[in-house]
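The structure under discussion appears below in the form of structure tokens.
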Amino acid sequence: MLLQQSGKGQNKGPLELTLLNKVLFPPDLLKLTLITSDSCKVNLFVEGKPYVNFFNQLHTKTILTLMSFVIKDDFTIFKKHIPECLSAETIALSPSDFKFYLELAKPFGSMLLSFAANSLELSDTTDFNSVDLSGLYTHKESVSLSPERHAGEKFLDLSQIYEKLKTAPISCSCWAVLVDCCDSYHPKDISQDFLVTYKITDPSIYPEHACINIFHKDPKSIPKIAHFGDIIFFSQLQFKDYKGIIQGVVPASSKLSSYHVFMYNDVNFTPYASYKSNFNRDPEGEKRINSLIPWVSNTLENSLPSFWTKTLKKLTEITEEENENEIDVIGRVLDITATGINPEDPVVVFLGDGDKIFQFTVTHERRRLLRWVKPADTIRIRSVFREMNVLYLNIYTEILKLPFKSLQVLPISSSEQLLMLKRYFYCETSMQQISQVAHKYMKFPLVSFDKINMYPVESIIRIEGYIVRIKFKTITKIVVWDGFDEKNRLDAVIEGEDLEKFLNGILWENAPARICSADKLFHAAVKVCTDHLQIVHTQLIN
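To get my numbering, take the position in the sequence shown, counting from 1, and add 561.
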């Protein structure tokens, strides 16, 4: 029968469909994308653990002959299975050629599964918890679990790595999909090197992920990742099991470890960035990336990694309670505006969703965050704090473009409306910021100099101003001016461990020329003492 001739509700077959791919929405919803006899795509949704576990075992190109099925166009049933930031209608219909989707008949009727010369019949008496599929796929070419070869090196999928880690740490190569990362930062408590962390996944472990820690000497050597969903090849990583999660490590001193990054839809097999080695094309690698590209588009278009939804917020979902919390946000870039005429001047990014506009400032030192970003892009910003309609970046903040249709944030309806909203929400930006505060201290209030005496001794607050003098002969002290009244000057003392971290590699002898300037804003967390302020967990941007 032709699907176009069927109506909504219960239908009788036979309807012959060929399995193209599957997407699992944990814990108990599965989408099967199928091809009809006249080459049209349609989605079949299976709900309930026994059915999901069974149908998730079917191989691509398996033929399903349905004797009864249901046609539906109600998308509300998906809301309990997917994050709020995804469109239920897009998930239900993508990549279908129809404006409806299919469900199994209830109660289950009958179905014939065919693969090559084999077949398996299912009926209303079938126990889906105990069906044996081995006979259906007896003549299918077996897939070896032995490591594949890539230019003379072994490379494994993440589930194979996980199994091997049960006995001992290993060193190997792998292809994967990048789903999260942070910016390069200096974890002084654990290493003298800089660190960037990637979260990766692949079809064998999705929606779970593995973590990759890359230690390095120079942050500029680390590629800037463009998209959520870009494909990455790691060569000779050291892997270990960390509390049940696969963890890979690239030491800064490693001569063998390297990686290459490809666009999520790159059919030319050419990396846009590499770390520590040149890329050599080879047939096995090209075969692997060609298998990952359709998986990325089908899977990440319809679902998100399990860790994403814990902190991810649409701009329209942010509440006042989030003011003190570190969150990840998703929004549409409305505009990127320079604050001055010099290349070193900060830029302000306007981020929108519906009638909400937020802004955040990116200093010259962190401009690489915006390397791939332009107006009209939908982006995810990792690890920010919010005060009113302003977002504040911290040392881990990273920005990834979201290229998939279901994640897109709709544009504001007109340029005139955008201009009005910008004028309403715009906050005057500061000069070049020369310091950064540890992210856990961003929750403390930003206090004007004339209000500091209202806070009791031992209180933690934040201040902003301009450094006008540095004393470091007997006691390390800086004099900070608020920029408004010449009488509003404060002494801020730096002691102990905070003194060591404060300079962030700048010599005291060179500090005045670097940080004493009318166009360089100093932002610090301080503890209120009896006759002075003590700087805590603040460091200069080198």
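All C-beta atoms, glycine included, are put in the ideal place defined by N, C-alpha and C. If you're wondering where the values come from, they're calculated on a predicted model, not measured in any experiment.
Exercise for review: Counting only the same chain and skipping the five closest in sequence on each side, list residues whose C-beta sits under 8 Å from that of residue 762.
Suggested key: Excluding sequence neighbours, residue 762 sits near 719, 737, 738, 740, 768, 769, 770, 771 and 866.
**Study point:** DSSP bridge partner residues for residue 796 (one or two, in chain order)
**Key:** The partner list for residue 796 (beta bridge, DSSP) reads 819.
Exercise for review: Given a cut-off of 8 Å, decide if residue 670 and residue 681 are closer than it, judged by their beta-carbon atoms.
Suggested key: No, the pair does not count as a contact, with Cβ atoms beyond the cut-off.
Review point. Considering residue 721, what are the terminal residues of the beta strand (DSSP E) in which it resides?
Key: Premise fails: residue 721 lies in the alpha helix (DSSP H), 719–725, not in any beta strand (DSSP E).
Exercise for review: Give the straight-line distance between the Cα atoms of residue 574 and residue 630, rounded to the nearest whole angstrom.
Suggested key: The alpha-carbon separation between residue 574 and residue 630 amounts to approximately 8 Å.
**Study point:** Environment of residue 828 [buried if 16+ CB atoms lie within 10 Å]
**Key:** Residue 828 is exposed by the Cβ-count criterion.
Practice item. Ignore the nearest five residues each way along the sequence and tell me which others in residue 752's own chain have a CB closer than 7 Å to its CB. Key: Excluding residues within five positions, the ones whose Cβ falls inside 7 Å are 776.
Exercise for review: Between the Cα of residue 590 and those of 642, 795, 677 and 857, spot the shortest distance and give me the residue it belongs to.
Suggested key: The option with the nearest alpha carbon to residue 590 is 642.
Exercise for review: With residue 604 as the anchor, note down where its beta strand (DSSP E) starts and where it stops.
Suggested key: Looking at the DSSP string, the run of the beta strand (DSSP E) that includes residue 604 is 602–608.
Practice item. Could you pull out every residue in the same chain whose Cβ sits closer than 8 Å to the Cβ of residue 773, ignoring the five residues on either side in sequence? Key: These residues qualify, in order along the chain: 758, 759, 760, 761, 795, 798, 808, 809, 810 and 811.
Review point. Per DSSP, what kind of secondary structure is residue 575 in: helix, strand or coil?
Key: Three-state DSSP puts residue 575 in a strand.
Review point. Once you ignore the five residues that flank residue 1055 on each side, which residues in its own chain have a CB closer than 8 Å to its CB?
Key: Only residues of its own chain outside the window of five on either side were considered, and among them 1037, 1038, 1039, 1063, 1095 and 1096 have a CB closer than 8 Å to the CB of residue 1055, listed in chain order.
Point to revise | Coarse secondary structure for residue 916, derived from DSSP in three states | key: Here residue 916 sits in coil by DSSP.
Point to revise | Contacts around residue 577, its chain only, beta-carbon distance under 7 Å, and the 5 residues preceding and following it disregarded | key: The residues are 598, 624 and 626.
Review point. Do residue 926 and residue 1076 have their C-beta atoms within less than 8 Å of each other?
Key: Cβ atoms of residue 926 and residue 1076: not closer than 8 Å.
Point to revise | CA nearest to the CA of residue 963, picked from 747, 869, 940 and 971 | key: Among 747, 869, 940 and 971, the Cα nearest to that of residue 963 is on 940.
Exercise for review: Kindly examine the ligand NAD and report whether one of its heavy atoms sits closer than 7 Å to the Cβ of residue 627.
Suggested key: As presented, the structure is devoid of all ligands, the ligand NAD included, so that no description of it is given.
**Study point:** Same chain only: Cβ atoms within 6 Å of residue 745, ignoring 5 sequence neighbours per side
**Key:** Leaving aside the five residues that flank residue 745 on each side, the residues in its chain whose CB is nearer than 6 Å to its CB run, in chain order, 755, 757, 780 and 783.
Review point. Do you know how far the Cα of residue 582 is from the Cα of residue 613?
Key: Roughly 14 Å between the two C-alpha positions.
Point to revise | residue 849: first and last residue of the uninterrupted beta strand (DSSP E) it sits in | key: For residue 849, there is no enclosing beta strand (DSSP E); the enclosing alpha helix (DSSP H) covers residues 844–861.
Review point. Can you list, in chain order, the residues of its chain whose CB lies under 6 Å from that of residue 857, leaving out five sequence neighbours each side?
Key: In the same chain as residue 857, and ignoring 5 residues on each side of it, the C-beta atoms closer than 6 Å to its own belong to 738, 790 and 825, in chain order.
**Study point:** Cβ distance (whole Å) where residue 571 is taken to contact residue 678 below 8 Å
**Key:** With a Cβ gap of about 32 Å, residue 571 and residue 678 do not count as contacting.
Review point. In angstroms, rounded to a whole number, what distance separates the CA positions of residue 693 and residue 668?
Key: Whole-angstrom Cα-Cα distance: 22 Å.
Review point. Between which two residues does the beta strand (DSSP E) harbouring residue 1083 extend?
Key: First-last of the beta strand (DSSP E) with residue 1083: 1081–1089.
Practice item. Measure the alpha-carbon distance for residue 1028 versus residue 1069 and round it to whole angstroms. Key: Distance between the alpha carbons of residue 1028 and residue 1069: 14 Å.
Practice item. May I ask you to report which of helix, strand or coil DSSP gives residue 929? Key: Looking at residue 929 - three-state DSSP - the assignment turns out to be helix.
Point to revise | Exposure of residue 839, with buried meaning 16 or more beta-carbon neighbours within 10 Å | key: Taking a 10 Å sphere around the C-beta of residue 839, we find fewer than 16 other C-beta atoms and assign the residue as exposed.
Point to revise | Proximity to residue 688 [Cα-Cα], best of 675, 615, 935 and 716 | key: In this structure, 615 is the residue among 675, 615, 935 and 716 with its C-alpha nearest to the C-alpha of residue 688.
Practice item. Can you grab the Cα-Cα spacing for the pair residue 633 / residue 843, in whole Å? Key: In this model, residue 633 and residue 843 are separated by some 46 Å (Cα to Cα).
Check your understanding: Taking the C-alpha atoms as reference points, what is the distance between residue 649 and residue 638?
Key -> Rounded to the nearest angstrom, the two C-alpha atoms are 9 Å apart.
Review point. In whole angstroms, what is the alpha-carbon distance linking residue 855 and residue 973?
Key: Straight through space, the alpha carbons of residue 973 and residue 855 are spaced by roughly 31 Å.
Review point. Quick one: Cα of residue 947 to Cα of residue 654, how far?
Key: Approximately 35 Å, taken between the alpha carbons.
Check your understanding: Who are the near neighbours of residue 596 in its chain, counting only those whose CB is closer than 7 Å to its CB and skipping five residues on each side?
Key -> Once the five neighbours on either side are set aside, the close Cβ partners of residue 596 are 578, 579, 581 and 602.
Review point. Where does the unbroken beta strand (DSSP E) through residue 594 begin, and where does it stop?
Key: Secondary structure note for residue 594: its beta strand (DSSP E) is the uninterrupted segment 590–597.
Practice item. For residue 862, count neighbouring C-beta atoms within 10 Å of its own C-beta (all shown protein chains included) and say buried if the count is 16 or more, exposed if not. Key: Burial is judged here by how many other beta carbons sit within 10 angstroms of a residue's own beta carbon; residue 862 has at least 16 and is buried.
Point to revise | For residue 892, the residue or residues it bridges with in DSSP | key: Residue pairing by DSSP puts residue 892 in a beta bridge opposite 940.
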